[in-house]
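What follows is a short report on a single structure.
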């Protein structure tokens, strides 16, 4: 099963790691971060005001010339749990999946206005669930751990 995702923003991680596109599950708590390079980050963060790169238009025109059309892009994980992506195409009754880089899939979806899907396996292995109950429990555990550490430090310093 797949979930539809919405691109929320592009953020810097650290000076060493670069940029990530932040996707949020439509109607759900899941969040996925997809690494992007600076050029892709600029395209994705510019939104509708971005100048569409010519290669995305070429991809769409080639599909149409061959009698097919792009339906969506899908983010997934491979057998090693590495992030991967594909463009989902149909030509008549036949469906095709064309592998591509995850960031390229996001650029195609953003520039050509196609949906972004995420596999259940991706959300399970690489997604961050932001549901409030789970986060509240996690913060409560962290507070307890910090209180315990602070008490231990105070006891050891006396």
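In my numbering, the protein residues as written are 18 to 175. For every residue, glycine included, the Cβ atom is placed at its ideal position computed from N, Cα and C. Keep in mind it's a predicted model, so treat the numbers as computed, not measured.
When the Cα of residue 93 is compared with those of 36, 140, 109 and 106, which residue comes out closest?
-> Comparing Cα positions, the closest option is 140.
7 Å Cβ shell around residue 247 - same chain, five flanking residues per side excluded | Because the chain is modelled from 18 through 175, residue 247 falls outside the range shown and cannot be assessed.
Between residue 136 and residue 37, what straight-line distance do the alpha-carbon atoms span, to the nearest angstrom?
-> Each residue's alpha carbon lies about 19 Å from the other.
Roughly how many whole angstroms lie between the Cα atoms of residue 21 and residue 173?
-> The alpha-carbon atoms of residue 21 and residue 173 are separated by roughly 52 Å.
Excluding the 5 residues preceding and the 5 following residue 25 in the sequence, name in chain order all residues of the same chain whose CB lies nearer than 6 Å to its CB.
-> 39 and 41, listed in sequence order.
Excluding five sequence neighbours on each side, which residues of the same chain lie with their C-beta closer than 6 Å to the C-beta of residue 113?
-> Taking C-beta separations shorter than 6 Å and ignoring five residues to either side along the sequence, the partners of residue 113 in its chain run 106, following chain order.
Quick one: measure Cβ to Cβ for residue 73 and residue 124, integer angstroms, because I've assumed they're closer than 8 Å.
-> About 6 Å separates the CB atoms of residue 73 and residue 124; that is less than 8 Å, so the two are in contact.
Which whole-angstrom value describes the C-beta separation of residue 122 and residue 79, a residue pair presumed to lie in contact below a C-beta threshold of 8 Å?
-> About 16 Å separates the two Cβ atoms, so there is no contact after all.
Mind pulling the beta strand (DSSP E) runs of 3 or more residues that sit fully within the region 98-123?
-> The region 98-123 contains these whole beta strand (DSSP E) runs: 100-108 and 111-117.
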